[in-house]
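K.L.:
Dumping the structure here so I can ask a few things about it.
Protein chains: 2
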Amino acid sequence: MAKARIQPRLLKGFRDCLPATALARERMIRSLQDVFASFGFTPIDTPALEYADILLGKGSEETDKQLFRFEDNGGRDVAMRFDLTVPLARFAAMYGNEIGSPFKRYHVAPVWRAEKPQRGRYREFIQCDFDILGPASAQSDAEIVAVINAALINLGVKHKIKLNNRQLLNGLLQSFGVANNAAAVLRAIDKLDKQGEAAVMQELIDSAGLSSEQSSQILNFLALGSADPADTLAAISKAVRGVDAGEQGAAQLRAVLDFVKSYGVAQDCIEIDLRIARGLDYYTGTVFETICTELPDIGSICSGGRYDNLVAVYSNRELPGVGASIGLDRLMAALEELGSLSLSSTPADVLVTVASESSASESCKLAASLRSAGLNVYLYPEAKKLGAQLKFANRIDVPFVIVATDEQLSSKRCSLKNMRSGEQQDDLSYEEAAQQLGSRR
Amino acid sequence: MAKARIQPRLLKGFRDCLPATALARERMIRSLQDVFASFGFTPIDTPALEYADILLGKGSEETDKQLFRFEDNGGRDVAMRFDLTVPLARFAAMYGNEIGSPFKRYHVAPVWRAEKPQRGRYREFIQCDFDILGPASAQSDAEIVAVINAALINLGVKHKIKLNNRQLLNGLLQSFGVANNAAAVLRAIDKLDKQGEAAVMQELIDSAGLSSEQSSQILNFLALGSADPADTLAAISKAVRGVDAGEQGAAQLRAVLDFVKSYGVAQDCIEIDLRIARGLDYYTGTVFETICTELPDIGSICSGGRYDNLVAVYSNRELPGVGASIGLDRLMAALEELGSLSLSSTPADVLVTVASESSASESCKLAASLRSAGLNVYLYPEAKKLGAQLKFANRIDVPFVIVATDEQLSSKRCSLKNMRSGEQQDDLSYEEAAQQLGSRR
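Those protein sequence lines, which keep their order, are chains U and P.
Under my numbering, think of the first position of the first sequence as 81, with each following residue one higher.
Under my numbering, think of the first position of the second sequence as 81, with each following residue one higher.
Below, the structure written as structure tokens:
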């Protein structure tokens, strides 16, 4: 009979979610779904597996290396999705006529990347994306900012959303006559935080072909900013005057900021930051990142921007879009670090003990009566010593426990124990117990 | 500039969820989560990818063929999970000390099977599993039945849960001296519905080594059943009298039925059906299937049972369990066929039109004001002709639309149009509009 036992283990870079984490995550996702719905966004879903060429559509060599890619039983070259933006572009190309325009959608789902595992980074993680396809309007850009703001307020996260527009830097580069080197310039700028101005200036000269004067001009431009966005906007406008792309970028940024205000976003949650570049090629206008103001070092918890050509990879239809992605795991880590993540490992309001086999069926009735009053009730699943059941209640950290002897149950009475204070109320009817619990939730 | 366009397409057997389906599914999942929580179950999550030997733990050749299995970049033999029970067993073996006992968990997540695609069957689908690990009590079995019942009531599905106990048939086979042939007998019995009694009787004789008299006895036993479960239980007890396993099975079935009643499950939602076998080897006691009484032909929408040895594949600890799995996609198909699935493609209560660029920012304020009253508000994302916006509102089937001219908006007034009745209320303040919408939801 002795069968070889299989060693239970996980793949490197993957993890399990235990109850406390899974419960907190489920609550966060539901909170996000509520906010998305309040702005009229609808969910969609796409398969975890797709043809590899679809997923690699606009990808880089980097993406290719990160794919979980294989040949399926039918000999197809398939891969697990590594983000939710590429599947959205494929989706929009396929169902353009059914979904119509505008199309506001969200998608909360796992993605997989075969990255080198690091602390806090996993090969499987959940993305929460929300996008507006169709209109290339400043209002759409502002609505995405408003959704980020509402989502973070709903989760209790103090935040600042940093805005920029890709056209501003493009304009500046055009005026230097080096517009084609934009990618190299973006790569250099991305290193400002880590390597400092001197190193970036050298890279702008060496790799992006800028003169030392031009490099200084760019670094000075990126440093524009003041407490009042109106002043920053004025300085930006002055810097890009006479260059088409730059003037367009400044006008867009101004329009987006005006709309953001109309959407009711508090002004101190918004900031212009010209150094926000976003690595990805596909952004064409507004870009944004979001920091948690109490923990700025964890990096952006919600980033995105406007991409006006992405769907064209799969379709002959132009379909501008703007969207953002919330880093759920990073956000959870932040909330946990701030001590503002509820890490209860049970959704139960109360645990009902089972005193004996003979009264177990009455305990079931008691639990059912509390449940019908709208309470979450953990009924202990067998008769056991009371001490063991109370110890278990402590372990799962349930706030209240109902205890009742066989005799109490036979006259439909019970006692309610507050596990935090130790206080106990005796001789309650089931209805009275439910009322007490209802008023304490 | 002309880049080769990639043909957007899906893998065979996979599908996208468009808004109406995704919204209905999200609502169903949230309804299920609420019910699971009301019984004190906690969520967990496990990775989509695992070592193949873990997933194949107690699997058959059939499972092996259905796996999406491949070698990852690190040369590991990995596969995508094909169910949520095997990962639960692995999880329980790894975290026994952390999770403690009893452990009530649910898990709602996609699984993948490389099955031959058929109408209504896909290679990726969502499972909703809920289990109680720890106590081998009749009360636990009954609680799982009570959760199924509550979940289906919450979803508005009329149902009947059919119960059996594996030990009853085992007892009968023991008394025939053919207990070792149980698997062959189960396989034959599984075909009763499709092939009829005569064919099954022949198979029992040919493949399971039973005499023709024994085969008749088994078929007569399986047909036991009457409107009153008490009568059925009495007949069963008589049939298995004197055989240990059979008497145990009868006592367990009786105890489970008693508890089910105490949990408040309506008697007409419960039935003993001795023909419920459940193909899987790992069930050891109570087994159940659930039919949708208005659509019995779609088969079981929620099945499961007690498995007392599963965790032992990965651990030296015995950990009995009982659980069930709701077939979400089958259930959705059923609800759709019954016309009781809401297939709205928007969560919005109202669409706010945008009359002109100059008043767009006031429309944002109007929308924000309705949102702060708790309404789901779809603000049209750009200024456009009113006709186009109303056409769009019809298309997404939103029940109400707010229209307002620049002049109305300048004095913070608007009109509310009921899209179903065509009725329109004019000259409302934003608060009055919110009140009207709130009272109509």
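Ideal Cβ positions, reconstructed from N, Cα and C, are used throughout, including at glycine.
Answer with yes or no whether the minimum CB distance from residue 511 (chain U) to chain P is below 9 Å.
P.N.:
Chain P, which has no Cβ nearer than 9 Å to the Cβ of residue 511 (chain U), makes this no.
K.L.:
With C-beta atoms as the reference, is residue 368 (chain U) less than 9 Å away from residue 430 (chain U)?
P.N.:
Going by C-beta atoms, residue 368 (chain U) is not nearer than 9 Å to residue 430 (chain U).
K.L.:
Quickly, what does DSSP pair residue 242 (chain U) with across the bridge? List them, please.
P.N.:
DSSP lists U:351 and U:369 as partners of residue 242 (chain U).
K.L.:
Does the distance from the CB of residue 120 (chain P) to the CB of residue 459 (chain U) come in under 9 Å?
P.N.:
Going by C-beta atoms, residue 120 (chain P) is nearer than 9 Å to residue 459 (chain U).
K.L.:
Determine, using beta carbons only, whether residue 492 (chain U) comes closer than 9 Å to chain P.
P.N.:
Cβ-Cβ to chain P under 9 Å: no for residue 492 (chain U).
K.L.:
Just the chain P side, please: which residues come within less than 8 Å of residue 124 (chain U) by C-beta, in chain order?
P.N.:
Simply 96, 97, 98, 99 and 102.
K.L.:
In chain order, which alpha helix (DSSP H) runs of at least 4 residues are fully inside the stretch 210 to 256 of chain P?
P.N.:
Whole alpha helix (DSSP H) segments, 4+ residues: 218 to 234 and 246 to 256.
K.L.:
Just to confirm my understanding: we take residue 456 (chain P), look at its own chain, exclude 5 residues before and 5 after, and list those with CB closer than 6 Å. What are they?
P.N.:
Around residue 456 (chain P): 427, 428 and 429.
K.L.:
In chain order, what are the residue ranges of uninterrupted alpha helix (DSSP H) at least 4 long that sit wholly in the stretch 254 to 326 of chain U?
P.N.:
As far as the stretch 254 to 326 of chain U is concerned, its whole alpha helix (DSSP H) runs of at least 4 residues are 262 to 269, 272 to 286, 292 to 302 and 309 to 320.
K.L.:
Spatial neighbours of residue 506 (chain U) within its chain, please: CB distance less than 6 Å, with the 5 preceding and 5 following residues excluded, ordered by chain position.
P.N.:
Correct list, in chain order: 495.
K.L.:
In whole angstroms, give me the CA-to-CA distance for residue 86 (chain U) and residue 395 (chain P).
P.N.:
About 8 Å.
K.L.:
Quick one, which of P:106, P:126 and P:485 has its alpha-carbon nearest residue 205 (chain U)'s?
P.N.:
Out of P:106, P:126 and P:485, P:126 has the C-alpha closest to the C-alpha of residue 205 (chain U).
K.L.:
Taking the straight line between their C-alpha atoms, what separation do you get for residue 88 (chain U) and residue 131 (chain P)?
P.N.:
C-alpha separation (whole angstroms): 9 Å.
K.L.:
Quick check on residue 362 (chain U): does DSSP put it in helix, strand or coil?
P.N.:
In this structure, residue 362 (chain U) counts as coil in the three-state DSSP scheme.
K.L.:
If we define contact as Cβ-Cβ less than 9 Å, is residue 336 (chain P) a contact residue for chain U?
P.N.:
No, its Cβ sits nowhere closer than 9 Å to a Cβ of chain U.
K.L.:
Let's see if you can read the secondary structure: which residues bound the beta strand (DSSP E) around residue 176 (chain U)?
P.N.:
Careful: residue 176 (chain U) lies outside any beta strand (DSSP E), inside the alpha helix (DSSP H) at 165 to 179.
K.L.:
Should residue 234 (chain P) and residue 112 (chain P) be called a contact, given that it needs their Cβ atoms to be closer than 9 Å?
P.N.:
The answer is yes: Cβ separation under 9 Å.
K.L.:
Counting C-beta neighbours from all protein chains within 10 Å, is the total for residue 209 (chain P) 16 or more, i.e. buried, or is it exposed?
P.N.:
The residue is buried, with at least 16 neighbouring Cβ atoms inside 10 Å.
K.L.:
For residue 153 (chain U), go through chain P and note every residue whose CB falls closer than 7 Å to its CB, in chain order.
P.N.:
Here the neighbours are 194.
K.L.:
Is there a Cβ of chain P sitting closer than 9 Å to that of residue 441 (chain U), yes or no?
P.N.:
Yes - at least one Cβ of chain P is within 9 Å of the one on residue 441 (chain U).
K.L.:
So, with DSSP's three-state summary, where would you put residue 101 (chain P)?
P.N.:
Helix at residue 101 (chain P).
K.L.:
Whole angstroms is fine: what's the gap from residue 158 (chain U)'s alpha carbon to residue 194 (chain P)'s?
P.N.:
C-alpha separation (whole angstroms): 13 Å.
K.L.:
Excluding sequence positions up to five away, which residues of its chain have a Cβ less than 8 Å from the Cβ of residue 425 (chain U)?
P.N.:
So the qualifying residues of the chain are 98, 99, 100, 103, 476 and 477.
K.L.:
Residue 49 (chain P): which of P:375, P:241 and P:344 sits nearest, CA to CA?
P.N.:
A question about residue 49 (chain P) goes unanswered here, because the residues of chain P that appear run from 81 up to 521.
K.L.:
Between the beta-carbon of residue 251 (chain U) and the beta-carbon of residue 191 (chain U), is there less than 9 Å?
P.N.:
Against a cut-off of 9 Å, the Cβ pair of residue 191 (chain U) and residue 251 (chain U) comes out as no contact.
K.L.:
Using the DSSP secondary-structure output, state which residues sit across from residue 380 (chain P) in a beta bridge.
P.N.:
DSSP output for residue 380 (chain P) lists no bridge partner at all.
K.L.:
Distance, Cα to Cα, residue 184 (chain U) vs residue 152 (chain U)?
P.N.:
The straight-line gap from Cα to Cα measures roughly 33 Å.
K.L.:
How long is the line joining the alpha carbons of residue 472 (chain P) and residue 501 (chain U), rounded to whole angstroms?
P.N.:
Cα-Cα distance, rounded: 56 Å.
K.L.:
Can you say whether residue 353 (chain P) is buried or exposed, counting buried as having 16 or more other CB atoms within 10 angstroms of its CB?
P.N.:
It is buried - the Cβ of residue 353 (chain P) has at least 16 other Cβ atoms within 10 Å.
K.L.:
Applying a beta-carbon distance threshold of less than 8 Å, which residues of chain U neighbour residue 426 (chain P)?
P.N.:
Chain U residues near residue 426 (chain P): 120 and 122.
K.L.:
State the start and end residues of the unbroken beta strand (DSSP E) segment that holds residue 406 (chain P).
P.N.:
Run containing residue 406 (chain P): 401 to 407, per the beta strand (DSSP E) assignment.
K.L.:
Does residue 412 (chain P) have its Cβ less than 9 Å from a Cβ in chain U?
P.N.:
Cβ-Cβ to chain U under 9 Å: no for residue 412 (chain P).
K.L.:
Tell me the residue span of the beta strand (DSSP E) that contains residue 482 (chain P).
P.N.:
Unbroken beta strand (DSSP E) run through residue 482 (chain P): 480 to 483.
K.L.:
Take residue 489 (chain U) as the anchor and find which of U:169, U:508, U:382 and U:497 has the nearest alpha-carbon.
P.N.:
Closest option to residue 489 (chain U), Cα to Cα, is U:508.
K.L.:
Any contact of the stretch 318 to 333 of chain U with the stretch 284 to 292 of chain U, i.e. 3+ C-beta pairs under 8 Å?
P.N.:
As far as the Cβ criterion goes, the stretch 318 to 333 of chain U does not touch the stretch 284 to 292 of chain U, which means the pair count is below three.
K.L.:
Mind listing the chain P neighbours of residue 448 (chain U)? Cutoff is C-beta to C-beta under 7 Å, in chain order.
P.N.:
Under the 7 Å cutoff, chain P gives 343 and 344.
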